[in-house]
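Notes to accompany the following structure.
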Amino acid sequence: MISGFTRRGVIGTAASLMLIGAAQAQSEVTIGLVLPLSGGSAAVGQQYRTGISIAVDQINAAGGIKAMNGAKLKAVFGDTQSKPDVGVSETERLITRENVAIVGGAFNSAVSFPASEVAERYKTPWVTVGSVKDEITERNYKYVFRINNKATYDAREQIDAMDLLKKETGKGPKTIAMFYEGSDWGRSHAANVRKIAKERGYDIVLDEAAPPNQVDFSAQLLKIRASKADALIVAFYTPDHLLLTRQMYEQRLDIPYGVHSVGGGTEDPSFYKAVPPQAVAYYFVQEDRQVDALQGTRHPEYDDLETKFKAALNYDVSAYGAQGFSLMYVIKDALERSASADRDKIRDALSKTDITSGPAMYVGYRRIKFDENGQNTFANGAISQNLGGQRLTVWPAESRAPTTKPAWPVPAWSERK
Amino acid sequence: MSVAPHTTSAAPAAKSKSRVLPLALFTAVLLGIPLVVKDSFFIHSCIVVLFFAYMATSWNFVCGYVGQLSIGHSMFAGAGGYATVLLFTQTGLSPWLGLPVGGLVAALLSVLVGYPTFRLKGPYFALTTIAFAEMIRIWVENTDTFLGIPLNGAAGITVPLLGQNVAAMQFNDKVPYYYIIATMLGGALLATWLLENAKLGFYLKAIRGDVDAAESLGISPSRYQLIALAISAFMTGMGGGFYAQFYRYVNAERLIGVDLSIDMALMSIIGGQGTIFGPLLGALLLAPLAEITRSHLGGSLLGLHIVVYGVILILAVLYLPKGLIDPLRRLAAKFNGRGTGR
């Protein structure tokens, strides 16, 4: 009896919900997001999702898309599990089933690459989120965009920072060791560093890839020690980065011109909760955005984002949360100009995007404007150094606070307190 | 291991007759789906299900019948997938030929791997297969070119998009892919059926029952296991080739990774290993289950779909240790018993 009643109740509720859904369908723009919500990159997916949801709430609360009679945004999420085929299936589902006007995704380059092809085939705009693989915006596709930087930009910025500090102090590294995770991201980053370091006259004395989820880095740390490199460039996701940082701390491995991490783990707030502050002291981190000071005007939306993000995840807004947040404002901007949920019109509007102010700039880029391949060529990150327990921007020079004094070379372990 | 009584029943004619009807029905439904349903995502999901059914059937061909647990079959999928793509991008060989050639490459690899490993048993065999597959995966992920062949490391290889091109096995519509994988599945099922009725099948079952006894009867375990493994690897390699054509992208992490191997083994075991239709049944249940739980729960409650999936797996293993096919077979046997008994 009870179960029968409940079931009927559920069906009734579902039916009425569907009716409401149908009634609202016209004044809603559905946005599909394919992200790694489970599996190895789940923490990152979660941060994107939180940033995106907060932005959607803000936009809707502020009256939705004004050019479309106040149409509300609706975000629909799909879980890629970091697998290319699952990402393709989810993209297919969001485009054909959920009828999304635009898709964003998918953090892992190996997923974004084939999934964006699906979007291109369905003539649905795809905004790459987080993936840095160069080729994603080098295929002459019409519907594929990317707000964040390419892998080459990250490597260039790391070397730029070294060059800058060398110029300022007259001292700097001559030799560089590279140690990185052995999948797509780490390897493509290493290839870029190799190329740029050579152009700028640095010697690569160690070039070592590590398979993911290692349980011990001792052997590789010995190699790094033996290489006597002046600086170390690393690229690891959170779990490996934690292990590496702990072991380097335990072994008191001295690198005169510091550890230069290209983000990944060192941009993940959960990373900093799991290591003692001394272990990450003087780390250089290539940040997707400036963490210490946001350039330009402070918007009320920022405060709202920061409060809600912290309430949801119990740590401050991460670069990924910021990217998700910014993405929705870029989409809002395009929708205001397309004045339609038509995929082709949105594509055309996106291609004419030129944002220099407003909440979308929370990512800390100079500007958001796409080239003919859909790449935002103004996406630049920042290099921070961990000083007194805080990541303070040291590069570019114009973004460095007057009070920030980079430690260069970094003190040896024996000289630290 | 006890042998189920009905497999030795003396009425093969009656048995095959009782199977013809459901089989014909199933085939008709399978072939008819794209004619009736035009929804692109539904067809896409069907292709995913058929792909996994095919892979599980290929796995079952050796592992189910020999009773060894391979968790490294993805290395054959990877060999086939990479071979198909590289042959196409480097020499222009059509995937229609590339698929079987990829299968042969996988079969060759299986002999090299199988020769030392099939002497091992139980967990040792399972662990060694994982080790081999992981070695190959890590090697591919860290190798940009090998003897001039661009493996492209962890970045994976893309099949250039040519649009509608039958020779390159590229179609704008999904239906051709559907029929390709359906045909491949039919072939794999047929191969398994032939195996059941061939000497090789009996040899394998004898080896599964008791290796020493089989050997004393003059059956060479390593030889027949290797033959079966090579056939299984050939089919798995073709499956990898299909994956490459369908997604137009291969990367080592997915196609040679352990997740795919586990999926193949799991679907066979849940469905009923060592039977013709068990793996198909397992895939028909598990692949849609994964899709449905993910598409309904994946975006809202993080990770819940994997928990639900896991709970169902646990229940299946606890209550149907011989696989989902077991209660169905008993049901069929009951009907047959009634039909022929009176």
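So the sequences go chain by chain: A and B.
Using our numbering, you'd call the opening residue of the first sequence number 1 and step up by one each time.
Using our numbering, you'd call the opening residue of the second sequence number 1001 and step up by one each time.
Every residue, glycine too, gets a C-beta built ideally from N, C-alpha and C.
A buried status is given to His241 of chain A, since no fewer than 16 other beta-carbon atoms sit within 10 Å of its beta-carbon. In the displayed model, Lys195 of chain A falls within a helix according to three-state DSSP.
Annotation: the continuous beta strand (DSSP E) that includes Thr128 of chain A extends over Trp126 to Val129. Contact between Gly1239 of chain B and Tyr1065 of chain B is absent: CB atoms are separated by about 18 Å, not below the 8 Å threshold. For Ser384 of chain A, the enclosing beta strand (DSSP E) covers residues Ala382 to Leu387.
Judged by DSSP in its simplified three-state form, Arg298 of chain A adopts coil rather than helix or strand. Annotation: the segment 1173-1202 of chain B contains the following complete segments of the alpha helix (DSSP H) (minimum length 4 residues), in chain order: 1175-1197. Remark: C-beta atoms of Phe1051 of chain B and Thr96 of chain A do not approach each other more closely than 7 Å.
The segment 98-112 of chain A makes no contact with the segment 1273-1280 of chain B: fewer than 3 CB pairs, one atom from each, lie closer than 8 Å. Linking Phe179 of chain A to Met328 of chain A through their CA atoms gives a straight-line distance of about 35 Å.
Boundaries of the beta strand (DSSP E) harbouring Trp395 of chain A: Gln390 to Trp395, taken from the DSSP string. Taking the Cα of Val111 of chain A as reference, the smallest distance to any Cα among B:Leu1297, B:Pro1123, B:Thr1089 and B:Ala1155 is reached at B:Ala1155. The count of Cβ pairs closer than 8 Å, one atom from the segment 1020-1029 of chain B and one from the segment 1081-1094 of chain B, stays below three, leaving the stretches out of contact.
Shown here, Ala1107 of chain B sits in a helix according to DSSP, grouped into three states. Lys72 of chain A is bridged by DSSP to A:Glu28. The shortest CA-to-CA distance from Arg1137 of chain B to any of B:Ile1033, B:Val1311, B:Arg1329 and B:Leu1151 is the one to B:Leu1151. One Cα belongs to Asp354 of chain A, the other to Val144 of chain A, and the distance between them is close to 16 Å. One alpha carbon belongs to Thr91 of chain A, the other to Glu1215 of chain B, and they sit about 53 Å apart. With 16 or more other CB atoms across the displayed protein chains lying within 10 angstroms of its CB, Thr1057 of chain B is buried. Taking one beta carbon from each stretch, the segment 1217-1231 of chain B and the segment 1190-1205 of chain B have 3 or more pairs nearer than 8 Å; the two touch. The bridge partners DSSP lists for Phe77 of chain A are A:Leu33. Judged by their CB atoms, Val127 of chain A and Thr80 of chain A are not nearer to each other than the 7 Å cut-off. Between Ile1270 of chain B and Gly1282 of chain B, the CB-CB gap stays under 7 Å.
Going by DSSP, Gln286 of chain A is part of the beta strand (DSSP E) stretching over Phe284 to Glu287.
A direct Cα-to-Cα measurement between Glu372 of chain A and Ser351 of chain A gives close to 8 Å.
Listed along the chain, the chain A residues whose CB falls inside 8 Å of the CB of Ile1138 of chain B are Gly182 and Pro211. Residue-level contact check: Ala197 of chain A does not touch chain B, since none of the beta carbons of chain B fall below 7 Å from its beta carbon. Non-local beta-carbon contacts of Val1101 of chain B in its own chain, meaning distances under 8 Å to residues more than five positions away in sequence, involve Ala1083, Thr1084, Leu1087 and Leu1093 in chain order.
Per the C-alpha coordinates, the member of A:Asn69, A:Tyr249, A:Leu94 and A:Ser82 positioned closest to Ala75 of chain A is A:Leu94. Bounds of any beta strand (DSSP E) do not take in Arg1254 of chain B; it lies within the alpha helix (DSSP H) bounded by Ala1252 to Leu1255. The secondary-structure analysis by DSSP pairs Leu327 of chain A with nothing; it has no beta-bridge partner. Around the Cβ of Gly1098 of chain B, a 10 Å sphere holds 16 or more other Cβ atoms; the residue is buried.
One alpha carbon belongs to Ala341 of chain A, the other to Asn1165 of chain B, and they sit about 32 Å apart. Contact annotation, Ile65 of chain A with Val29 of chain A: C-beta distance approximately 7 Å; criterion of less than 8 Å satisfied.
The DSSP-derived three-state label of Ser340 of chain A is coil.
Under the Cβ criterion of 7 Å, Ala1155 of chain B is counted among the residues facing chain A.
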